[in-house]
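Here is the structure we will look at.
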Amino acid sequence: MSLLLAQGLRKSFGETRAVNGVDFRVEPEELISLVGSNGAGKTTLVNLLSGLLRPDAGQIAFDGADITALSVGARIRAGIARSFQLVNLFDQLNVLDNVRLAIFSRDGVTRQPLRLAERDTRARNEAMEILGEFGLESKWDTPAAGLAQGERKLLDVAVAYALRPKLILLDEPTSGVGTREKGVIMEAIASVVRERFLAAVIVEHDMDVVFTYSDRIVMMHQGAVLAEGTPDQIRADERVSAVLLGKG
Ligand SMILES: Nc1ncnc2c1ncn2[C@@H]1O[C@H](COP(=O)(O)OP(=O)(O)OP(=O)(O)O)[C@@H](O)[C@H]1O
Ligand SMILES: [Mg+2]
Numbered sequence: 022m023s024l025l026l027a028q029g030l031r032k033s034f035g036e037t038r039a040v041n042g043v044d045f046r047v048e049p050e051e052l053i054s055l056v057g058s059n060g061a062g063k064t065t066l067v068n069l070l071s072g073l074l075r076p077d078a079g080q081i082a083f084d085g086a087d088i089t090a091l092s093v094g095a096r097i098r099a100g101i102a103r104s105f106q107l108v109n110l111f112d113q114l115n116v117l118d119n120v121r122l123a124i125f126s127r128d129g130v131t132r133q134p135l136r137l138a139e140r141d142t143r144a145r146n147e148a149m150e151i152l153g154e155f156g157l158e159s160k161w162d163t164p165a166a167g168l169a170q171g172e173r174k175l176l177d178v179a180v181a182y183a184l185r186p187k188l189i190l191l192d193e194p195t196s197g198v199g200t201r202e203k204g205v206i207m208e209a210i211a212s213v214v215r216e217r218f219l220a221a222v223i224v225e226h227d228m229d230v231v232f233t234y235s236d237r238i239v240m241m242h243q244g245a246v247l248a249e250g251t252p253d254q255i256r257a258d259e260r261v262s263a264v265l266l267g268k269g
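Numbering (the working numbering), first residue to last: 22 to 269.
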C-alpha cells in the first residue's frame, strides 16, 4: 500500500491553474524529487499535501486514511511534516530551542505525565541528538539568526524531522546556497531519510543533486505531472530535457 496517494488534485488561484489534475503517490521509505520550472506548481502541491491549502477537487489518502479534510496540525499528528521554501525559524531563539519547541509541540502538554524538569531534560537530549544527525550540534547555542544560510536550511529540516514524521516534505532545502554546501545539505538529509526509514518529497532545481539522491523523480509542468520515473528513465526522457532546456 502506498504511504500517500493523491488523486485528481486541483487548485486554482483566480485564472491560474496552479495544480491542474495531479495524481501523486509516495511509497514507504521512498525519496522522491519534485522538479519543474518556476511556477510549475511544486509548492502548491506541497501545500495541498501538508494541508496549508485545500484542493478545489481531489482526494489525499495517507497511511490508509482519507486526510483531505484534515488541518495542518492533524496531518502532522498523522505523520506528515514539512519545511518551507523560505525558512520558518524563531530567529531570536538558539538552535537547540528551535528544535526543542518542535519536540514540545509534538508531545503536547497533557499527554506526558512526566515532571516538567524531566521533560525538559529529555527534550534537550533528544534535540541534541537530532542536531548531531544534521551536523549542527556545535551550533546549539547560536541564535538561529546568526547561522549561515546553509545551516539555516538544515535547521529548518531538523525542526520538521523533530516532529518524527513518516513523510517529510521539503520545499527547496538547498535554495540560496552554493554548490558545495548543497552537497552537504543533501548528504545530511539523505542519510537521515535512509537511516530512519522515512519517505521524503524534496523540491529541488539542481538536476545533479536530483539524479544523485532520488529513488524516483516527478516532473511538473504547468500544473500537471509531465513525467515520472527513476533517474535513468528521467535522464532519457525527451520531454524532460525539452523543459530543462527551456523548450517546453
Ligand atoms: N497564493 C497564490 N496566489 C496567487 N497565485 C499563486 C499563489 N500561489 C501560487 N500561485 C501561482 O500558481 C502557480 C504555481 O506556483 P507555485 O508556487 O506552486 O510554483 P513552483 O513550482 O513552486 O515555482 P518555484 O519553482 O518558483 O517555487 C504560479 O503561476 C504562481 O504564480
Ligand atoms: Mg516553489
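All C-beta atoms in this analysis are idealised placements derived from N, C-alpha and C, irrespective of residue type, glycine included.
Residues that DSSP places opposite residue i in a beta bridge
i	result
Lys32	Val40
Arg237	Ile53
Leu190	Arg103 and Val222
Ala86	Phe83
Leu26	Arg46 and Ala82
Neighbour-count burial assignment, residue i, 16 or more Cβ in a 10 Å radius
i	result
Ser104	buried
Arg62	Here residue 62 is Gly; the residue named in the question, Arg, does not match the sequence. Looking at its Cβ environment, which holds 16 or more other Cβ atoms inside 10 Å, Gly62 is buried.
Glu172	buried
Glu36	exposed
Gly159	The residue you asked about is not Gly; residue 159 is Ser in the sequence shown. Result: exposed.
Arg237	buried
Asn59	exposed
Cβ neighbours of residue i in the same chain (closer than 8 Å, five flanking residues each side left out)
i	result
Asp177	Ser104, Phe105, Val108, Asn109, Leu110 and Pro194
Arg127	Ile97, Ala183, Leu184 and Arg185
Asp192	Lys63, Thr64, Val67, Arg103, Ser104, Phe105, Gln106 and Val224
Distance between beta carbons of residue j and residue i, contact taken as under 8 Å
i	j	result
Val213	Glu154	5 Å
Ala245	Asp258	At roughly 15 Å, the Cβ-Cβ gap does not stay under 8 Å, so Ala245 and Asp258 are not in contact.
Pro164	Leu122	The pair is not a contact, with the Cβ atoms about 14 Å apart (cut-off 8 Å).
Terminal residues of the alpha helix (DSSP H) in which residue i lies
i	result
Gln80	Segment Ala78 to Phe83 is the beta strand (DSSP E) holding Gln80; no alpha helix (DSSP H) there.
Glu150	Leu137 to Glu154
Lys63	Lys63 to Ser71
Val120	Val116 to Asp128
Val261	Glu259 to Leu265
Gln170	Gln170 to Tyr182
First and last residue of the uninterrupted beta strand (DSSP E) at residue i
i	result
Leu247	Ala245 to Gly250
Own chain residues within Cβ distance below 7 Å of residue i, not counting five before or after
i	result
Ser33	Ala39 and Asp77
Ala181	Ala102, Arg103, Ser104 and Ile189
Met207	Thr195, Val230 and Tyr234
Heavy atom of ligand 3 within 7 Å of residue i beta-carbon
i	result
Lys63	Among the ligands in the structure shown, ligand 3 does not appear; only ligand 1 and ligand 2 can be found there.
Residues near residue i in its chain [Cβ-Cβ closer than 6 Å; skip 5 each side]
i	result
Leu30	Val40, Val43, Leu69, Pro76 and Gly79
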